[in-house]
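Colleague: The following block contains the structure, expressed as structure tokens.
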Amino acid sequence: MDRATGWKEKLQKRWDIFYLKWQIYSMTYFLEPWEKCLYNPTESLIVVILFHSQYAQGD
Numbered sequence: 661m662d663r664a665t666g667w668k669e670k671l672q673k674r675w676d677i678f679y680l681k682w683q684i685y686s687m688t689y690f691l692e693p694w695e696k697c698l699y700n701p702t703e704s705l706i707v708v709i710l711f712h713s714q715y716a717q718g719d
């Protein structure tokens, strides 16, 4: 039973990370061209890494 729970938790974490990345992508898709110039993909990568590290600390 523990293996099943661990597998489900890993899948949930992967889904959460995918969903966060999709949200960031979709937000940038709807930006105006001049707003896209202000958007820096490196900044979003940093946000994703920080979110993931905070999420991973909950283990």
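If you count by the numbering used here, then the sequence shown holds residues 661 to 719, one letter each, in order.
Every residue, glycine too, gets a C-beta built ideally from N, C-alpha and C.
1. If residue 708 and residue 680 are in contact, beta carbons under 8 Å, what's the gap, nearest whole angstrom?
2. Flag this pair as yes or no: are the beta carbons of residue 684 and residue 712 separated by less than 8 Å?
3. Taking just the CA atoms, how far does residue 702 sit from residue 710?
Modeller: In short, the structure shows the following:
1. 6 Å
2. no
3. 12 Å
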